[in-house]
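J.:
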Amino acid sequence: MAKCMVCNKSVSFGRNIRHKASGGWARRAPKTNRTFKPNVQKTTIMVDGEKVQIKVCTQCLRTMYRAR
């Protein structure tokens with residue numbers, strides 16, 4: 001399972017609702033389960049002079065690049 005090593009962001013679950021939601025109770029739009037997966041990238045960072053490869057979500061990666 002993809003998981004960010006900085007913020008522990010992982011897969012979250014939700015519902016997928018079709019756009020054909022009109023028609024009241026007689027013809028309800030189908031709702032199916034789905035997963036929201038984080039955009040996790042492998043990146044190399046310097047920690048105490050050593051290169052360390054970690055898995056980071058893109059939000060944390062953007063924050064790390066801005067902090068430089």
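Using UniProt numbering, read the sequence shown as starting at 1 and increasing by one per residue.
Note that CB positions come from ideal geometry on N, CA and C, so glycine has one too.
Since the model is a prediction, treat every value here as computed from it, not as a measurement.
#1: Distance, Cα to Cα, Ala67 vs Ser10?
#2: If you follow the beta strand (DSSP E) that residue 70 is part of, which residue opens it and which one closes it?
#3: In terms of residue numbering, what span does the alpha helix (DSSP H) encompassing Cys60 cover?
#4: Return the bridge partner residues of Lys51 from the DSSP annotation.
#5: Between the Cα of Val56 and those of Ser12, Ala29, Tyr65, Glu50, spot the shortest distance and give me the residue it belongs to.
T.: Working from what's here:
#1: Cα to Cα, Ala67 sits roughly 23 Å from Ser10.
#2: Lying outside 1 to 68, the shown extent of the chain, residue 70 is not represented and no answer is given.
#3: Going by DSSP, Cys60 is part of the alpha helix (DSSP H) stretching over 58-67.
#4: Met46, per the DSSP bridge assignment.
#5: Closest in alpha carbon position to Val56, among Ser12, Ala29, Tyr65, Glu50, is Tyr65.
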